[in-house]
Structure formats: C-alpha cells, structure tokens
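Visitor:
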Amino acid sequence: MTKIIMNNQMQIDQRTHQTHRKLMTALQAHFTAQMPFNKLTVKQLCHDAHVGRATFYRHHQDIADIIVVEYLITLQELGHALNNLENPTYATIAGAVITTMRAHLNLPQLAAWAHCADRVLPLETGFAQQLLTALAIQTPHQHFIATFLGHSCHQFACQLATTQPALNRIETYHLFIQLIPNVLQTPMIPTDTSLD
Numbered sequence: 008m009t010k011i012i013m014n015n016q017m018q019i020d021q022r023t024h025q026t027h028r029k030l031m032t033a034l035q036a037h038f039t040a041q042m043p044f045n046k047l048t049v050k051q052l053c054h055d056a057h058v059g060r061a062t063f064y065r066h067h068q069d070i071a072d073i074i075v076v077e078y079l080i081t082l083q084e085l086g087h088a089l090n091n092l093e094n095p096t097y098a099t100i101a102g103a104v105i106t107t108m109r110a111h112l113n114l115p116q117l118a119a120w121a122h123c124a125d126r127v128l129p130l131e132t133g134f135a136q137q138l139l140t141a142l143a144i145q146t147p148h149q150h151f152i153a154t155f156l157g158h159s160c161h162q163f164a165c166q167l168a169t170t171q172p173a174l175n176r177i178e179t180y181h182l183f184i185q186l187i188p189n190v191l192q193t194p195m196i197p198t199d200t201s202l203d
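Here's what the structure looks like:
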C-alpha cells in the first residue's frame, strides 16, 4: 500500500497556541468542577485563564469554539501520525487512531458537556473523507462511508472515555477492530443470495 499523505494545512503561531492552552486548561477545570456549561461566561473563563476578552474574541466566536479548535488540533496530530506510518494497513491506521483517542479522552466528554457535538462531527467526517481519498478508496458511496466512519469513531471515543474501569490499549484495539469496519477491503457478498 502507498504512503498516506494527509493534508495538514493548519498553522498556529506560538502566542495563539499559548492562549489556546490557557483557555483549554481553564475550560477543563470548570468541566472537572462539574460546573454547568451554560453557567460559564466568557468573562469568567478569560479571568481564570488570564486571557483578555478581546484576545478571546479575536480567536473564538464562543466558548464551545475552544473545543472545536482542540478537535482540529487533535485531528491534525492524527494526520501527522498517519503520514508517518511506514506501512499503512488497517492495523497500523487503527493503532494510530486509538493512540490519538486515548491521548485525548476528555474531548468527547467536553463536546457533550458544551453541547457542540454537532460542530465537531463534521470535522471527524471530513477527516474520514480525507483519509479515504488519501487511501485511494473509490466507491460511489464515499460520503456515506466517511459520515458513518466519522460518527462511529466519535461514538467509540465517547464510550471509551466513559467506560469504567478504563480499557487498556489492547482491549481498546480489539474493540475498535471489531466495531469499526475495515474499508480497505471490500467484503464478499454471495451472488446467489437475494438481499432484496
């Protein structure tokens, strides 16, 4: 199989990255303290993060946008991991996806808390679409498959984040390969069976 080339165009300068980290840390603190998301204000978050409100609004439209940006950063990290695979197979791709999910277990919980899953699911679907394109998978239903994969991976990450006791890497890998389809190989459907 050929090397995967994921398009990672997003560039964040150092000051913007530091500001994002401060906001994300403050946001996670409010999440951990079980503060209702709708009670959190930009003023309070900026105060806790030691970031000016003008700086906040220069980079974000609202508080949930911080989580959306964190998803973009995480997907970029996954894209880099996929680009670095020497032998991209379903097993190695699944391993990279699982490593990224496990490193960012809080993201699906934050998205649920902030009620912004509808803003991050298109990012995950778009990433799946980009991966299918990079793998040269040609199918008349590519958008359908990408949407299914994006939503499935999001749901998998949500369950992984909330499962107690926490799953180890091997358990996570086994569940992933059982539940997330291998789109690199087409299943054989018997021609003598009527599916209609």
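According to my numbering, the sequence shown is numbered sequentially starting from 8.
In this text, a Cβ means the ideal position worked out from N, Cα and C, and glycines have one as well.
Would L139 and V190 be called neighbours here (beta carbons separated by less than 8 Å)?
Guide: In contact: L139 and V190 (Cβ atoms closer than 8 Å).
Visitor: Could you give the distance in angstroms between the alpha-carbon of Q149 and the alpha-carbon of Q136?
Guide: Roughly 7 Å between the two C-alpha positions.
Visitor: For a test of the three-state rule: what should DSSP assign to E178, helix, strand or coil?
Guide: Looking at E178 - three-state DSSP - the assignment turns out to be helix.
Visitor: Going by beta carbon distance, what residues of the same chain come within less than 7 Å of I11, once the five residues before and after it are set aside?
Guide: Taken in chain order, the residues that qualify are L89, N90, L92, P95, A141, L142.
Visitor: Can you check which of these residues, H27, P147, L130, N175, is closest to G279 by C-alpha distance?
Guide: Nothing in the structure corresponds to residue 279, since the chain is present only between 8 and 203.
Visitor: Write down every uninterrupted run of the alpha helix (DSSP H) in the segment 67-131 whose length is 4 residues or greater and which is fully enclosed by it, in chain order.
Guide: Listed in chain order, they are 71-90, 97-110, 113-120.
Visitor: Would you say the segment 64-79 touches the segment 155-169, given that touching needs at least three Cβ pairs under 8 Å?
Guide: As far as the Cβ criterion goes, the segment 64-79 does not touch the segment 155-169, which means the pair count is below three.
Visitor: Would you call T146 buried or exposed, if buried means 16 or more other Cβ atoms sit within 10 Å of its Cβ?
Guide: Exposed, by the Cβ-count rule.
Visitor: For A118 and V127, which I take to be in contact (beta-carbon distance under 8 Å), what is that distance rounded to the nearest angstrom?
Guide: Sure, about 5 Å apart at Cβ, within 8 Å.
Visitor: Over what stretch of residues does the alpha helix (DSSP H) that includes I152 continue unbroken?
Guide: Run containing I152: 149-169, per the alpha helix (DSSP H) assignment.
Visitor: Going by beta carbon distance, what residues of the same chain come within less than 7 Å of L167, once the five residues before and after it are set aside?
Guide: M108, L112, L174, T179, listed in sequence order.
Visitor: Can you tell me where the alpha helix (DSSP H) holding H24 begins and where it ends?
Guide: It spans 21-39 - the alpha helix (DSSP H) in which H24 sits, taken as one unbroken run.
Visitor: Just how far apart, CA to CA, sit I196 and T99?
Guide: At I196 the pLDDT is 49, less than 50, meaning the model places this residue with poor confidence; the figure from the coordinates comes in the next sentence. Approximately 26 Å between the Cα atoms of the pair.
Visitor: Looking at A61 and P115, is the spacing between their C-beta atoms short of 8 Å?
Guide: No, the Cβ-Cβ distance between P115 and A61 is not below 8 Å.
Visitor: Need the endpoints of the alpha helix (DSSP H) that L52 sits in, please.
Guide: Where L52 is concerned, the enclosing alpha helix (DSSP H) stretches over 49-56.
Visitor: Can you tell me the Cα-Cα spacing of T26 and V58, whole angstroms?
Guide: When rounded, the distance between both Cα atoms is 7 Å.
Visitor: Going by C-alpha to C-alpha distance, which of Y64, M13, K46, N45 sits closest to L30?
Guide: Checked all of Y64, M13, K46, N45; the closest Cα to L30 is Y64.
Visitor: Roughly how many angstroms lie between the CA atoms of C53 and M42, to the nearest whole one?
Guide: Taking the straight line from one Cα to the other gives about 16 Å.
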